[in-house]
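Residue 49 is where the sequence shown starts when you use the working numbering, and the numbers rise one by one after that.
We put the beta carbon where it would ideally sit given N, CA and C, even for glycine.
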Amino acid sequence: MHVPSSQEYWKLNTGNLGENGCILRLQTDGNLVLYTRNKISLWSSDKYCKSPCEAPSILALQDDGNLVVYHSLTGYAAWHIR
């Protein structure tokens, strides 16, 4: 998928809290979290497995623009934006 750099494709509605740089992390529990540089959580998918997780999760940006967190063993889509 190609998205021109000047085009806003998707946003999390966190205001300007992330304007100085953020980290989007798919954690080992499957939760997708947006952190500030100071490691403060701004947003999360709030979808995670209880410890211990049976298998890692996979974050995929699909050709249709859908961002999806999949469970790697089952292929189950635990979270998506569309």
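Which of helix, strand or coil DSSP assigns to residue i
i    : result
R130 : coil
A108 : strand
L115 : strand
A125 : strand
H50  : Residue placement at H50 cannot be trusted, given a pLDDT of 49 that sits under 50; what the coordinates show is reported in the next sentence. Here H50 sits in coil by DSSP.
Identified DSSP bridge partners for residue i
i   : result
S89 : Y83
L72 : L82
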